[in-house]
Every structure is written in C-alpha cells, then in structure tokens.
Amino acid sequence: MSKKEEKILEETPVAQEPEVVIDVQNLSVGFTVRGKKINVIRNISFKVYKGETLAIVGESGSGKSVTTKTFTGMLEKNGMVTSGSIMFDGMNLAKFKTDDDWRPIRGKRIATIFQDPMTSLNPLLTIGFQISEVLRLHHGLSKQEAKEEAIKLLKKVRIPNAEARYDDYPFQYSGGMRQRVVIAIALACRPEILICDEPTTALDVTVQAQIIALIKELQEEYHWTTIFITHDLGVVANVANRIAVMYGGQIVEYGTVEDVFYNPAHPYTWALLASLPQLGSKDEPLSYIKGNPPSFSSEIIGDAFAPRNAYAMNIDFVKEPPMFQISPTHCAKTWLLDPRAPKVEKPKVIQELHERMKRAAEELKRQEGAFDD
Amino acid sequence: MINEEELKVEEKQQTPVEEIDLFEQGRKEHPEDDDTIVKMRDVRIAFKIGSIERVIINHLNLDIKRGEVLGLVGESGSGKTTIGRALIRINKVSGGEITFNNVKISGKIPKKTERLLKTKMQMIFQDPGDSLNDRANIDYIVSEGLRAFKLYKDEEDRLQKVQQMMQRVGLRPEYLNRYPHEFSGGQRQRIGIARCMIMNPEFVIADEPISALDVSIRAQVLNLIREFQQERKMTVLFIAHDLSVVRYISDRIAVIYAGHIVEIAEANRLFEAPLHPYTKSLLSAVPFPDPKVERKKKIITYNPHELHHYVLSDAPKLVEVEPGHFVRCNTPELEQYTKELERLGGKK
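If you read the protein sequences in the order shown, they are chains W and V. So the mapping is simple: the numbering used here equals the position in the first sequence, first residue as 1, plus 162. So the mapping is simple: the numbering used here equals the position in the second sequence, first residue as 1, plus 427.
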C-alpha cells in the first residue's frame, strides 16, 4: 500500500463503534481505615475506546484518581479491588496481585503522568538519567543509544537546547518544563494508554494550554489512548472525546463531549458547569455547589448528591437511581430522567452555555490569528 | 485594696491603636488625591542572593483607586506576588516610593505608622494550608488581629465578633475550637478570609486565593470576596494567573510580564481590545467550556525576543492609548496599536 493510500484509509471515518481497550464492569474499590472497611468506588462500569480521550471529571474525593490507579496496580497498601473486572487485552487487571504481574503493564503499556512534576521526578538524578533509565530497562538499549534516544524525546516534547539540558537536574527546570520531562519519560515506553492525572492543575494557564496542546499533538502521532483526570470541566472541552463525571465514587454521567456540554442531564454536571468563572457575568454572583462531598465513613443511602442537590426529590434520599440511557452514547444516573419525574428547567447558564461562549469567542475572533476558520 | 499589677493591665487595655490616625490625616491633607488609595512610584524591588543582586521589579508605577478591585495578572515569576508582598511590607523595596492614603509606607517608616498600617491593610494568601498556624485553634487564628490591637471591649465582645465573622463566611461557630487540619481546602480559605475581614481593612491584597482550590469551591470563595468588597467598599488587589477569574471580579486589570506592567485597562475593555501581544496570548490560553468553540481556537504564544525590537534610544514606556487604557510600547509599536484600536472600534 502506498503512503497516500494509507493516509486515505486513515482518514476514512469508521461508522461502527470504535474498539474498546479497557472495559470496566461493576468495579468496586474499598479501603481499610483503622480496621474499618469503606467503599470508595461503588460499582462502576465504563468503557475506554481506542485512540480516544476519556476525561474523568469530579471534585476532590470523588474517586477519579482511585479508579485509574486500579489500572496500574498503584492503589495504596490498604486499598483493594473488592469486586468487578477490568478487561485489558484479554487480561483481567482486577485479578493482578504481585509486582511481577504488573511489570509488563505498568509504565510499559499503561503509563501515568501525575499532577506535581516535582514529586514524580527524582531530585537527585539528572533529567537525562531518568529518561534513559526507562529506555535501558524497557527496551534494552545501551547507555549511548539510550542517551541519543532520550535527547530525541526531549526535543519531541520541545525542550529547547536538549543536548545541553540533558545533564540538568529537575530543580533547574520550571514547572512546565518538568511536566514536559515527565511526558517524555511516559513517551519513552510507547504506552498504549496514557493516564494524565491532573497534569496541569499546578501550572499557569498559559503553560497549561501548551501542555494540553502537546499531549494532543503527541497523541495524534503515537495513536495512544488518553485518560484525562481533572476537576475543571473548562479544560476538557478541547481534549476530550468522551467525558465521565464522577461523584461519590460513582459515574453519574457519561457521554461524548457534545452530549455533556450541550445536553447535560445530571444536576451535578449542571452545577459543575455553572460554577465555571468563564461563564460568570458581573451582574450576578457565580453559582456554586453548597455543602461538602459525601464522606464514605457511613454507608450512602439513595443518591449521594441528594443533600447538595437543588433538584432533589424524595426518592433521591431513599433509593439509588439507576443509569438511564439517553442516547446510544449518553447516559446519566439521576431520578430526574425517570418518566414519572416532574419536568425541571435546567439552570439558565446551562441553557445559554453555547450562546454565552460564542459571544466570548466573537470577542477573541476580532483579534487576528486567534481562530482558524 | 487594688493590686498595683492589675492596674497596669487595665491601663494597657485602654490604649488601643494610636490616638491620631495618620492615614486619615493623610487623606484630609490631600483631598485632590483622595480617589487614589495606593501609589507606587518608580518602585524597585531586588533580592540579594549572596553578593548577586537580582532585580525583580524596576521602575514600576501603579495607582490603585479607592474602592476598586484591581486584577493583577501574569505568569509565575512575573513579579505579581512580589508587588503584593512589597505593599504589605513583607518584601523590602530598594528604590522608589509607595504611599497609602498619601502617607509613605515603603522603606524606613516610624514604628507607629507601621503598626497602624497593619489595621488598614490585610492579605489573603494562596495556600490555605500553609498560611494557617497548625497549632492554633480557629478562635485564636481569627481573633489574633483583634487581640494584637485590642479592637474589642471585653472577652464577650471579642467572642461575639469572631462568631459573627465565622457565620458570615459560612462556617459554624462550633468550629471555633477546631484546628486547621480538620478543615477542607475551601473551608481553610474561608478561615483565611475571616481572619482578614475581621480587621475591617481598607485595602486587601488577595494573592491567588483560589488557585489551590477545586473549581466548584472557587466560585464560593470568589463570591465571598466580592460580597465583602461591595458591602464595605473596600479596595482589593486581586492577584491571579487566570484571566477568566479576574474578569469576573475586577474593575480594572493590569497585566504584568517579567516585572513590567505591559497593559492596564478596564476589565471589559481589556477583553474587547487587548493590544499587547502578551495580553493576547493570555486571553487565548483561557479554556472555553464549549467543545465547538474550543476546537477552533488557536493558542497564541508570546515570544518577546521576536516581537519587540527595543533600542536604547527608543525604550518602551507605558503609554495611554485611549482614556484609561495603557500599553507598554515604543514609538513604532504605538503607531501599530493606535491603528489596531481604530480597527477594533472605540470604547462602547
């Protein structure tokens, strides 16, 4: 096949459902705290599709990081998968126990980028050593080969003057640069799945935009699957294909990025969207979610979001809602979707979201070069 | 018989803050300048590391108007926090002058002035975990300022003030005996705000108060700061790196890059007609919560070495291009910006 034909083949849209790389079914995760068992992930099921980006969004304590930690066996010592399965390439990751089980997966096929680039790099080793180490261990390259390859990777993640900076230590790099190095390390293994656990939360907006652009660009080149964890729904509009909104250890809404932004169904998603300062206007206070996320120390009865939910009905406090399918790609876990539930109006901000954002974009559009039409 | 010791204590309690309010005097003496609360003139801030001096801020001129919220935006390392800390005298100023109500507050000032200043100017810090004393309970933390300046009649009055403030920021008065580690990030930040607002300050420096918080909690904290500001007509310097947040809360926005203010304008005007390339790059970095819009957007990178060709004979200055809108530029750039303003249309 010629290169041109290959390209055409790549660009041809595939009509059927994309290939599933990770299939999570009925996953529950528990932790033992002071002799007491608490359930932190409560019976969740979702699929990750090949080559796509899935964003997992939720407040701190919603269980988004814990969920992805089970994919690489990185749960804290007192935590364990209590039920369910995680199917990846014919293997059930939920059954993995020892480090020997995990070694061929962790880092090599499923890699993770963490929030704080300072704590995920060793401050006592040079940047170059930390990248080439991965190449020597996983690919068996010699020291010299590994160095050459590492410099190539540093250039890939746009570290200027890569040769000279190979021997620098992490503290000599800025926060954004360090995150680039962490991406380079993840890249070294050519993983099939890249988990980005709040990769930009500790960074400035300008740097955040650059890092997100870099991840996207590299994904196009290397064709991996990304799982992007964040508390900021504003960030994911650009990166994600699909979004899973998590609350209280459960997925409360799951759909394509258009589903979730233009037709959100769960009151929690409404509240998350409405609290974004980008949507605020000076004449009215920003809306926010009252109260605190649920603590897992006592059993959660009914809908976990009910006490903070302005749209809560009596049944929310008694019975947990099932997952309602809205469209083939979109589902949400709220009693509001039950045919017997009263019709409620979505908050105004949500209804106007696209209009408000279009107006904001108009402003930006008048500056030259901000949009390509 | 009354013990002599007891009498002394009584006396001490009766002398609260200094009798003459220097800053009130300063306001009265210069009524023509009364709409400006803080003036920074030719300010220079430098840090000495060993024998090497690094100048962070040089020739900074900035006026903060009474009752406004001024947003100060820039990336990490741009000097925005340094400016805030210099105002409240945590960082030393090595040149120039800062005045507050027309009274000098930079460099060497009388002890009395410094003490009085602390009752007028307060700060909210970025990291609510690090800025609260781990070993002090909330009652102590919130009332520390009151105690230091004896701003209460008796113990009962103090407790009442603290409890009122706790309720005001949305925390239960029962929490008074708890310690900072028992609270979540958002609650801790509210304690930080309570500690600041109980002093009833004229001027508040909020240094990235929401950067360390979850998005849903950010809105609460932003609302709270805005409520206090509107209710008390305080002046606020709001430091942040994210333009979207600053637009919501500020009347004016100053954009700072590498220690220089590159653009100042009214908040909405800055979004309508940004002129400096760095402002444009900051604007393009704000993520839109809208997939269709966001996919079309391009991020503008700012590269000062390529964009600006400054020469000594024509050094850049902060120039007023339209009323209230200042940009840092040299002569050729000024021409370019003026043309761009014409294209974008005048102020609405």
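All residues carry an ideal CB built from backbone N, CA and C; glycine is no exception. In this text, all values refer to a predicted model and were calculated from it rather than measured experimentally.
For residue i, I'd like the list of residues in its chain whose CB is within less than 6 Å of its CB, leaving aside the five on either flank, ordered along the chain.
i: E181 (chain W); result: K212
i: Y729 (chain V); result: P704, Y705 and S708
i: Q487 (chain W); result: C493
i: V407 (chain W); result: V219, V414, E415 and T431
i: T194 (chain W); result: N240
i: I691 (chain V); result: A681 and F753
i: I357 (chain W); result: T230, T274 and I389
i: Y473 (chain W); result: P429 and V506
Could you tell me the distance, in whole angstroms, from the CA atom of residue i to the CA atom of residue j?
i: H608 (chain V); j: D554 (chain V); result: 13 Å
i: L434 (chain W); j: D500 (chain W); result: 22 Å
i: P537 (chain V); j: G572 (chain V); result: 20 Å
i: D394 (chain W); j: V596 (chain V); result: 24 Å
i: F208 (chain W); j: L438 (chain W); result: 26 Å
i: D251 (chain W); j: P266 (chain W); result: 12 Å
i: V511 (chain W); j: E541 (chain V); result: 46 Å
i: M475 (chain W); j: L543 (chain V); result: 54 Å
i: I479 (chain V); j: R599 (chain V); result: 50 Å
i: K535 (chain V); j: E456 (chain V); result: 22 Å
i: L286 (chain W); j: Y331 (chain W); result: 7 Å
i: D262 (chain W); j: Q341 (chain W); result: 28 Å
i: Q370 (chain W); j: P361 (chain W); result: 8 Å
i: R470 (chain W); j: G612 (chain V); result: 18 Å
i: E635 (chain V); j: I666 (chain V); result: 5 Å
i: K317 (chain W); j: L376 (chain W); result: 12 Å
i: R454 (chain V); j: E582 (chain V); result: 33 Å
i: Y424 (chain W); j: F276 (chain W); result: 30 Å
i: L497 (chain V); j: G197 (chain W); result: 52 Å
i: E525 (chain W); j: Y602 (chain V); result: 46 Å
i: Q440 (chain V); j: R585 (chain V); result: With a pLDDT of 48 at Q440 (chain V), under the threshold of 50, the predicted position of this residue should be treated as unreliable, and no value is reported.
i: L761 (chain V); j: T368 (chain W); result: 25 Å
Which residues in chain V sit within 8 Å of residue i, going by Cβ to Cβ distance?
i: D279 (chain W); result: According to the sequence displayed, residue 279 (chain W) carries Pro and not Asp. Going along chain V, no residue has its Cβ under 8 Å from P279 (chain W), so there is no contact; the nearest lies around 13 Å.
i: A371 (chain W); result: S711, A712, P714 and I726
i: S449 (chain W); result: A646
i: G337 (chain W); result: S503
Mind pulling the chain W residues with CB within less than 9 Å of residue i?
i: P628 (chain V); result: Under the 9 Å cutoff, chain W gives no residues; its nearest Cβ is about 22 Å from P628 (chain V).
i: V754 (chain V); result: Per Cβ cutoff of 9 Å: no residues; V754 (chain V) is ~14 Å from chain W at best.
Apart from the five residues just before and just after residue i, which ones in its own chain have a Cβ nearer than 7 Å to its Cβ?
i: L315 (chain W); result: I293, A346, L349 and A350
i: W386 (chain W); result: P353, E354, I355 and L356
i: V296 (chain W); result: I347, A350 and C351
Identify the contact partners of residue i in chain W, using a Cβ-Cβ distance below 7 Å as the criterion.
i: V720 (chain V); result: M519, K520 and A523
i: H668 (chain V); result: D366 and V367
i: L499 (chain V); result: The premise fails here: L499 (chain V) is roughly 14 Å from chain W at the closest Cβ pair, so nothing lies under 7 Å.
What three-state label does DSSP hand residue i in the structure shown?
i: V419 (chain V); result: Coverage of chain V is limited to positions 428 through 775, which leaves residue 419 (chain V) absent and any answer about it impossible.
i: E446 (chain W); result: coil
i: M236 (chain W); result: coil
i: K744 (chain V); result: strand
i: Y606 (chain V); result: coil
i: T526 (chain V); result: strand
i: H105 (chain W); result: Absent from the model: residue 105 (chain W). The displayed extent of chain W is 163 to 535, so no value can be given.
i: L559 (chain V); result: coil
i: S711 (chain V); result: helix
i: T229 (chain W); result: helix
i: H668 (chain V); result: coil
i: D263 (chain W); result: helix
i: T288 (chain W); result: coil
I want to verify the contact list: residues of chain V whose CB lies under 9 Å from the CB of residue i, in sequence order.
i: H516 (chain W); result: D717, K719 and V720
i: V397 (chain W); result: P714 and P716
By Cβ distance, which residues of its chain are closer than 8 Å to residue i, with the 5 residues on each side in sequence left out?
i: M548 (chain V); result: L514, I515, F527, P628, E629, F630, V631 and I632
i: T765 (chain V); result: V748
i: R615 (chain V); result: P555, G556, L559 and P607
i: N284 (chain W); result: Q292 and P332
i: I447 (chain V); result: none
i: V713 (chain V); result: D669, L670 and S671
For a contact meaning CB atoms closer than 7 Å, what does residue i contact in chain V?
i: G442 (chain W); result: Y675
i: D394 (chain W); result: V642
Chain W partners of residue i, CB-CB under 8 Å?
i: E609 (chain V); result: Correct list: empty, because the minimum Cβ distance to chain W is about 12 Å.
i: V672 (chain V); result: P439
Should residue i be counted as a contact of the ligand ZN given a C-beta to heavy atom distance under 7 Å?
i: Y737 (chain V); result: Ligands are entirely absent from the displayed structure, and the ligand ZN is therefore not among its contents.
As an exercise, report each continuous beta strand (DSSP E) stretch of at least 3 residues that is fully enclosed by the segment 489-522 of chain W, in chain order. 492-494
Could you tell me which whole beta strand (DSSP E) segments of length 3 or greater appear in the segment 333-391 of chain W? 355-359
Of all the alpha helix (DSSP H) runs that stay within the bounds of the segment 720-771 of chain V, which reach a length of 4 or more residues? 731-734 and 758-771
Within the segment 636-661 of chain V, ranges of the alpha helix (DSSP H) (whole runs, at least 4 residues): 642-659
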